[in-house]
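I have placed the structure first, in the form of structure tokens, so that the comments after it can refer back to it.
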Amino acid sequence: MKQVKEKWKDIVNYEGIYEVSNMGQIRKNPNHSFIKGCIKEPGYILKPISKGTKKGSGYMRVWLSTGDGKPAKIFSWHRLVAIAWIPNPSNLPEVNHKNEIKYDNCVDNLEWSTGVDNLISYYKNHKKSPLGLTLEQWKDLNM
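Taken in order, the sequence shown gives residues 72 to 214; the numbers are from this note's numbering.
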């Protein structure tokens, strides 16, 4: 099995402060100086938060701050990975986890999709829609 080398890219709008890897990790930029009031050293791998997340959604989230006194913002972990690593020429609005494991944020497990395609993927993996409808019933409601 081929070993994938971890590579890092800046997070959009947080260039030089935070980076996201092709393996789905987020870290403080190793060359960034300390942010006032922050005890985490440069290069620190961030951990997902649980506060402020949708209860039971299973999606990883992270707080990012520019360190300039403005409030930190919460971001969906998988979206940050996709924005940095996966081209989106059709400007699709959602990110799908191909294997349906919401904490598997490696680039190879993510793809841009529409809401409909995302739910169809869910249906194929679970044999039901999140609402308990058949795929045909759900499509009828959304066409």
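For every residue, glycine included, the Cβ atom is placed at its ideal position computed from N, Cα and C.
### Per-residue burial, Ile97 [other beta carbons within 10 Å of its own, 16 or more giving buried]
The residue is buried, with at least 16 neighbouring Cβ atoms inside 10 Å.
### Message
When you compare the region 152 to 162 with the region 176 to 185, are there three or more beta-carbon pairs, one atom per stretch, that lie closer than 8 Å?
### Response
In short, these stretches touch, since the Cβ pair count reaches three.
### Message
Quick check on Asp81 - is its C-beta less than 8 Å from some C-beta in chain B?
### Response
Structure shown: chain B not included; a single protein chain is present.
### Cut-off 8 Å between Cβ atoms - residues of its own chain near Trp148, not counting five sequence neighbours on either side
Beyond the five residues adjoining it in sequence on each side, Trp148 comes within less than 8 Å, by CB distance, of Gly95, Ile97, Pro119, Tyr130, Met131, Arg132, Val133 and Asn176 in the same chain, given in chain order.
### Query
How many Å lie between Pro142 and Ile88 at the Cα?
Taking the straight line joining both Cα atoms gives about 15 Å.
### Query
Can the beta-carbon of Thr185 be found closer than 8 Å to that of Pro164?
Less than 8 Å separates the beta-carbon of Thr185 from that of Pro164.
### Task
Classify Lys99 as buried or exposed, calling it buried when 16 or more other Cβ atoms lie within 10 Å of its own Cβ.
Buried, since its Cβ has 16 or more Cβ neighbours within 10 Å.
#### Entry: Sub-8 Å separation of Ser192 and Asn162 beta-carbons
Asn162 is positioned such that its CB atom lies no closer than 8 Å to that of Ser192.
### Task
Work out the CA separation of Glu207 and Asn84 for me, nearest whole Å.
Asn84 and Glu207: Cα-Cα distance of roughly 41 Å.
### Task
Indicate whether Glu182 and Lys169 have their beta-carbon atoms separated by less than 8 Å.
Yes, the Cβ-Cβ distance between Glu182 and Lys169 is below 8 Å.
#### Entry: For Leu117, the nearest candidate out of Leu151, Lys173 and Asp139 (CA to CA)
For the residues Leu151, Lys173 and Asp139, the minimum Cα distance to Leu117 belongs to Leu151.
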